[in-house]
Each structure stands twice: as structure tokens, then as C-alpha cells.
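Novice:
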Amino acid sequence: MLQFIKDLPAHVVGIHAIGEVTKEDVDRVLIPKIDELVKRQDEINYLLLLETDVQNWSSGAWLDDIKMGIKNFTKWNKIAVVSDQKGVQWFTDAFHYFVPGKSKGFSLNELDEAVKWVSAND
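Residues in the sequence shown are numbered from -5 upward in steps of one, following this note's numbering.
1) Checking 8 Å against the spacing of the C-beta atoms, do H5 and Q35 come in under that value?
2) In this structure, how does DSSP classify N39 when only helix, strand and coil are distinguished?
3) Would you kindly work out how many angstroms separate the C-alpha atoms of W111 and K0, rounded to a whole number?
4) In whole angstroms, what separates the C-alpha of F(-2) from that of L24?
5) Counting C-beta neighbours from all protein chains within 10 Å, is the total for D116 16 or more, i.e. buried, or is it exposed?
6) Buried or exposed: where does G13 fall if 16 or more other Cβ atoms within 10 Å of its Cβ makes it buried?
7) Please check the pair G20 and D47, which I expect to be a contact at CB under 8 Å, by giving their CB distance rounded to whole angstroms.
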């Protein structure tokens, strides 16, 4: 399930992933928030709080997430992914080599640091 995180600055979209994540979750929660942010400010600052295993994302969810990422390829400014899965953190740190903007992985106990980092205007 994907839930919108409400306690973030207006220039940041935050999504909390728990349990099973489906294509419908991505289409209903993530994509509309990202589209709204791009329309409003023409760049994306994104925080993903990942409290589920990446294997709990359905193939349809991954496909729609990838399509959304490609559609907005030049809009990515900052991506913070918070997870205790070391592979996810490593991939997020390396992701900045593949997209414009910055990306950084954080552990769950670094959530406050992740929010500060993705929210900072630099």
C-alpha cells in the first residue's frame, strides 16, 4: 500500500510504502502527486519511506513507477529513499549516475535527516 506523507514542505512529495504495493497504488497515489508537483514547480523532490520489501511491489507497480520516472526524466531534482534494505540504499546512492539531480539512500532511523536533505533548497 502507498500512502501520501502529509507533513512535508509543499515542494516535496513523500510516499510511505508498506505491505504489498500494487499497480493501482502507484496509479492512485504516486503518479497524481508527482504530476501535480511537476505542474506546480517543474521539478521533483521525492521522499520514499520504504517499510516493505521491494519484492512486495507487483510487476505492474514497478512498470508504472518506471514509466513515471522516464516520463519525468529531466524533472528529478532530489530523491531520498529511506529503507533498512542495504541494496535499496546502495542503488539509491548510485541512481544519481543515471538521472539528472541528486539521490541519496537513508536508513529508517535517519528519516529526519532524509526529510531535511530532500527539503533543503541548494
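Where is the CB? At the ideal position from N, CA and C, for every residue including glycine.
Specialist: In short, the structure shows the following:
1) For H5 and Q35, yes; Cβs fall inside 8 Å.
2) When DSSP states are grouped into helix, strand and coil, N39 belongs to the strand group.
3) The straight-line gap from Cα to Cα measures roughly 17 Å.
4) Each residue's CA atom was taken as its position, placing F(-2) and L24 some 8 Å apart.
5) D116 is exposed by the Cβ-count criterion.
6) The Cβ neighbour count for G13, taken over all protein chains shown within 10 Å, is under 16; the residue is labelled exposed.
7) Gly is not the amino acid found at residue 20; the sequence shown has Val there. Contact between V20 and D47 does not hold, since their C-beta atoms are separated by about 16 Å, which reaches or exceeds 8 Å.
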